[in-house]
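In our numbering, the protein residues as written are 53 to 738.
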Amino acid sequence: GPVEPLLFGLGLVLGFHGEARSLSPHVRRISQRVATALLPLFLVADVLFLADSLLHGLIHLLTLLGLLKLFLRTDDRDYRDLYIISFFQLVAASAITTSMAFLVIFVVYLFLGTWVFLLLHLKREAPDRGPEWTAMPGRLLPTSLVVSTMALLLTALLFVAIPRTGRPYLPGRAMAGPLVVGFSEKVELGSFGTIQTESSVVMRIRLPNMRPEEVQHAPLRWRGVAFDRFDGVAWTLSDQGREAPERSRGGLATFGTPSGAGRLLRQEIVLEPIGTQVLFAAPRLMQLLGPFPRLFTDAAGTVSLPSSPVGRVSYLALSELEGTEPGALGGAGGAFPDAIREAYLQLPPIAPRVRALAEELARGVRDPYEVARRVEAHLREGYRYSLDLKRDSRYDPLEDFLFVQRAGNCEYFAASMSVLLRAVGVPARVVNGFQRGEWNEYGGYLAVRQRDAHSWVEVYLPRAGWVTFDPSPRAGADAARDNMFARLSRYLDSIAVRWDRYVVSYNLSDQLHMVSVARRRADLLRWRGLELVRGMERAADAAVRALVASLRGSGLLVLALVGTAVGLLVALRKRPFGGGRLRGSGGQGSVRFYRELLRVLERKGFVTRTGMTPREFAEDVEARGQSDLVGVSQVVDLYYGVRYGGRHLSESERQQIAGTIRRLADARVDGSTTPARGTLPLSPPH
Numbered sequence: 053g054p055v056e057p058l059l060f061g062l063g064l065v066l067g068f069h070g071e072a073r074s075l076s077p078h079v080r081r082i083s084q085r086v087a088t089a090l091l092p093l094f095l096v097a098d099v100l101f102l103a104d105s106l107l108h109g110l111i112h113l114l115t116l117l118g119l120l121k122l123f124l125r126t127d128d129r130d131y132r133d134l135y136i137i138s139f140f141q142l143v144a145a146s147a148i149t150t151s152m153a154f155l156v157i158f159v160v161y162l163f164l165g166t167w168v169f170l171l172l173h174l175k176r177e178a179p180d181r182g183p184e185w186t187a188m189p190g191r192l193l194p195t196s197l198v199v200s201t202m203a204l205l206l207t208a209l210l211f212v213a214i215p216r217t218g219r220p221y222l223p224g225r226a227m228a229g230p231l232v233v234g235f236s237e238k239v240e241l242g243s244f245g246t247i248q249t250e251s252s253v254v255m256r257i258r259l260p261n262m263r264p265e266e267v268q269h270a271p272l273r274w275r276g277v278a279f280d281r282f283d284g285v286a287w288t289l290s291d292q293g294r295e296a297p298e299r300s301r302g303g304l305a306t307f308g309t310p311s312g313a314g315r316l317l318r319q320e321i322v323l324e325p326i327g328t329q330v331l332f333a334a335p336r337l338m339q340l341l342g343p344f345p346r347l348f349t350d351a352a353g354t355v356s357l358p359s360s361p362v363g364r365v366s367y368l369a370l371s372e373l374e375g376t377e378p379g380a381l382g383g384a385g386g387a388f389p390d391a392i393r394e395a396y397l398q399l400p401p402i403a404p405r406v407r408a409l410a411e412e413l414a415r416g417v418r419d420p421y422e423v424a425r426r427v428e429a430h431l432r433e434g435y436r437y438s439l440d441l442k443r444d445s446r447y448d449p450l451e452d453f454l455f456v457q458r459a460g461n462c463e464y465f466a467a468s469m470s471v472l473l474r475a476v477g478v479p480a481r482v483v484n485g486f487q488r489g490e491w492n493e494y495g496g497y498l499a500v501r502q503r504d505a506h507s508w509v510e511v512y513l514p515r516a517g518w519v520t521f522d523p524s525p526r527a528g529a530d531a532a533r534d535n536m537f538a539r540l541s542r543y544l545d546s547i548a549v550r551w552d553r554y555v556v557s558y559n560l561s562d563q564l565h566m567v568s569v570a571r572r573r574a575d576l577l578r579w580r581g582l583e584l585v586r587g588m589e590r591a592a593d594a595a596v597r598a599l600v601a602s603l604r605g606s607g608l609l610v611l612a613l614v615g616t617a618v619g620l621l622v623a624l625r626k627r628p629f630g631g632g633r634l635r636g637s638g639g640q641g642s643v644r645f646y647r648e649l650l651r652v653l654e655r656k657g658f659v660t661r662t663g664m665t666p667r668e669f670a671e672d673v674e675a676r677g678q679s680d681l682v683g684v685s686q687v688v689d690l691y692y693g694v695r696y697g698g699r700h701l702s703e704s705e706r707q708q709i710a711g712t713i714r715r716l717a718d719a720r721v722d723g724s725t726t727p728a729r730g731t732l733p734l735s736p737p738h
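Right, here's the structure in full:
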């Protein structure tokens, strides 16, 4: 409400301008002790008399604690406590809201909080601040932005990866006041005053098997509850008992079998908490699937839960739309079943001129369908839809509507048609629900609002069963707004729907689906990669075949060229460093000649031991006393100079290294007396 924000704003102003430093230490200590003693009492009183729940009481306590700390602050530790309190306020807000505005608040808090904590740290570490301190906040701002962005990305990654176990919030409840257009489980006539229109969204409905252009023009209705009893003022539902419908093991509830007369309509419905047990769907509901442990239905076809849901619920519905062919609906043949006549022909005493009007409209017609069409046309064409209800207390509500005011809302039209039909022996009932809704082109769904609440009539026809009639001139007349603000509102609503679907309602099944999709896409990429490689192989094979075919007359020349290339490769492999020359004098060149030396010595039986340096290894080799092993130390010394000293080899040194390695390769050396083989840990790095 407006009182709490006003008090909070006033407390902020007083806290910023009135500091505890201006108080004496004695008064400050007394104030802190009194506040500490009163806070628990405030929490108890708040939970018992003011707050809606314990959570709201704790939020009030956090708010009051923050204001007191703001006023009683004396040093940097109090600022730190204030920041901690603000963090817990953010956590509390996440528990009571599902609005997308929380995302904006969270991001802003993350950036500002990082910046402030950096400043607080520097303030604590540098108590003696010089002139450069005034420029410090601006210098730290880019750093805090970078750190906050990285933290936000990490948070998003953790949000996606951490297993989800449920909906992380406590839902609220929707409230409705008198004389507000909205769904009601009772139709009561006789009210007067201006009815207010409420734009809050009641449910969002996706229609997967209907094209957008069809949705925008189809006369869709979302049936809620049907009434069979009228006492002259109010329509109510008699106590006919509720029973549980047949349900499969997967939870699919079946209410009927399609007759084939109408089109099947699939509906994906997300229903907001509006304080009713009723579930809505298009008329002639066949099946319903949702996370409901228990479901009930009555003789009038109303589907309800054991209690009103306190959070948003999602479910799937399958309905068979009514046929619109007059030939299939009309016809005087057949009588009404006794149960239908008993339940839906009941009437209280009505005004004589109301009954006379009914008989006049039905004169000369025996077909119930034609009677219903005449009554519907009479009300549509002769009366005006209005939310400004007037009342003449000299007449009962229906007589006042039909003969005095000749204007009213949809409840008056539906009630009047039902009474007129019952007066001439045609069973009828009043139905409450919602009509169509506003098409959201950005999200691909219908947004049904409180102002879309509607009443209409169902008439029982012997050949077709219950058929919908709508005598209200309002039916289908609410065109979608198409100005800039309306489009912006629909766009923001579509974003809010995605926020709820992919953030608020993000659950374990979504995570498993995401992993499955990622695996399928990885398999697809792997398959495409293999196809690409195979295509390249086929192209290369075709190119080689074409080349061979073009050179078929010069086969000996091709064979000679290939043999020459192979011979050159073999010769180069046998001659180290290309005939005694080293390519490069440092880096990779040094690695090559030293590695070649190690390979030659290893073939002769000399292998380094673990922990032995190159120079120790060279000395150990020459210690064997064989003349062909002389020169290894000189090669190792040159290696040290090139590898670690950045030295460049001269041409004569390259020749010396190549000659030594060639001599070692051709020598008959007995290395059987060398130490046991070990690892080669001293191979030069790449």
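The C-beta atom is built at its ideal place from N, Cα and C for all residues, glycine as well.
Please specify which runs of the beta strand (DSSP E), each continuous and at least 3 residues long, are wholly inside the region 464-515, giving them in chain order. If we require 3 residues or more, the beta strand (DSSP E) runs fully inside the region 464-515 come out as 480-487, 490-492, 497-501 and 505-513.
Going by DSSP, what residues sit across from Leu341 in a beta bridge? Answer is Leu368.
Between Phe521 and the rest of its own chain, which residues show a CB-CB distance below 6 Å, the 5 nearest in sequence each way excluded? Within the same chain, and ignoring the five residues on either side of Phe521 in sequence, the residues whose Cβ sits closer than 6 Å to its Cβ are Ala424, Glu428, Val509 and Val511.
Do Ala286 and Arg481 have their C-beta atoms closer together than 9 Å? No, the Cβ-Cβ distance between Ala286 and Arg481 is not below 9 Å.
CA-CA distance, Gln329 and Tyr367? Tyr367 has its alpha-carbon roughly 14 Å from the corresponding atom of Gln329.
Among all the DSSP beta bridges, which residues are the ones paired with Trp518? Beta-bridge pairing links Trp518 to Tyr512.
Own chain residues within Cβ distance below 8 Å of Leu370, not counting five before or after: Same-chain partners within the cutoff: Leu316, Leu317, Arg318, Gln319, Leu337, Met338, Gln339 and Leu340.
For Glu237 versus Gly276, is the C-beta distance shorter than 9 Å? Yes, the Cβ-Cβ distance between Glu237 and Gly276 is below 9 Å.
Pull up the distance between the alpha-carbon of Tyr464 and that of His69, whole angstroms please. Whole-angstrom Cα-Cα distance: 60 Å.
Enclosing beta strand (DSSP E) for Leu93 [first to last residue]: Per DSSP, Leu93 lies in no beta strand (DSSP E); the unbroken alpha helix (DSSP H) holding it starts and ends at Pro77 to Ala97.
Where the alpha helix (DSSP H) through Met566 begins and ends: Leu560 to Ser602 is the extent of the alpha helix (DSSP H) around Met566.
Go to Phe60, then tell me how far its alpha helix (DSSP H) extends in each direction, as first and last residue. Val55 to His69 is the span of the alpha helix (DSSP H), which, as asked, contains Phe60.
Measure the C-alpha to C-alpha separation of Val362 and Glu324 and round it to an integer number of angstroms. CA-CA distance, Val362 to Glu324, rounds to 9 Å.
Distance between Tyr558 and Phe455 (C-alpha atoms, nearest Å): Phe455 and Tyr558: Cα-Cα distance of roughly 56 Å.
Return helix, strand or coil for Glu374, following the three-state DSSP convention. Correct three-state label for Glu374: coil.
How close, in whole Å, do the beta carbons of Val746 and Glu374 come, if the pair is a contact with beta carbons under 8 Å? Nothing about residue 746 can be read from this structure; the chain reaches only from 53 to 738.
Measuring CB to CB, does Tyr135 end up less than 9 Å from Leu172? Contact: yes.
Once you ignore the five residues that flank Ser679 on each side, which residues in its own chain have a CB closer than 7 Å to its CB? Within the same chain, Ser679 has no close Cβ partners at all.
So, is Asp283 buried or exposed, given that buried needs 16 or more other C-beta atoms within 10 angstroms? With fewer than 16 other beta carbons inside 10 angstroms of its own, Asp283 counts as exposed.
Counting pairs of beta carbons, one from the region 388-406 and one from the region 470-478, are three or more of them closer than 8 Å? The region 388-406 is in contact with the region 470-478.
What's the gap between the Cα of Arg176 and the Cα of Arg553? Arg176 and Arg553 have their C-alpha atoms spaced approximately 44 Å apart.
Leu142 to Leu162 span [Cα, whole Å]: C-alpha separation (whole angstroms): 10 Å.
Among Val160, Tyr435 and Arg488, which residue has its Cα nearest to the Cα of Pro271? Nearest C-alpha to Pro271: Arg488.
Which residues mark the beginning and the end of the alpha helix (DSSP H) in which Glu422 is found? DSSP places Glu422 in the uninterrupted alpha helix (DSSP H) bounded by Pro420 to Gly434.
What number of angstroms, rounded off, separates the C-alpha of Gln84 from the C-alpha of Leu90? Cα-Cα distance, rounded: 10 Å.
Please determine, among Gly615, Leu513, Asp672 and Gly496, the residue with the shortest C-alpha to C-alpha distance to Met262. Selected option, being the one with the closest Cα: Gly496.
Beta-carbon separation (whole angstroms), Leu107 vs Ile148, contact threshold 8 Å: Confirmed, about 7 Å.
Among Ala548, Asp419, His112 and Ala466, which residue has its Cα nearest to the Cα of Pro92? With distances taken between Cα atoms, Pro92 lies closest to His112.
Per DSSP, cross-strand counterpart(s) of Met255: DSSP, once it has assigned bridges, lists Leu323 and Val500 as partnering Met255.
Strictly by DSSP, which residues pair up with Ala305? Note: Ala305 is bridge-paired with Arg299 and Leu340 in the DSSP secondary-structure output.
Pick from Gly308, Glu648, Ala153 and Leu66: whose alpha carbon is nearest that of Phe123? Nearest C-alpha to Phe123: Leu66.
Need the endpoints of the alpha helix (DSSP H) that Arg667 sits in, please. Pro666 to Glu674 is the extent of the alpha helix (DSSP H) around Arg667.
Close-in-space but distant-in-sequence residues of the same chain around Ser784 (CB under 8 Å, 5 per side omitted): Since the first and last residues shown for the chain are 53 and 738, residue 784 lies out of range.
Quick one: is Tyr131 near chain B, going by C-beta distance under 9 Å? Of the chains in the structure shown, none is chain B; there is only one protein chain.
Nearest-angstrom Cα separation, counted from Ser311 out to Arg516: Rather than Arg, the amino acid found at residue 516 in this sequence is Ala. Pairing Ala516 with Ser311, the inter-Cα distance amounts to about 10 Å.
Please classify Gln457 as buried or exposed, where buried requires at least 16 other C-beta atoms within 10 Å of its C-beta. Classification of Gln457: buried, given that the 10 Å Cβ count is 16 or more.
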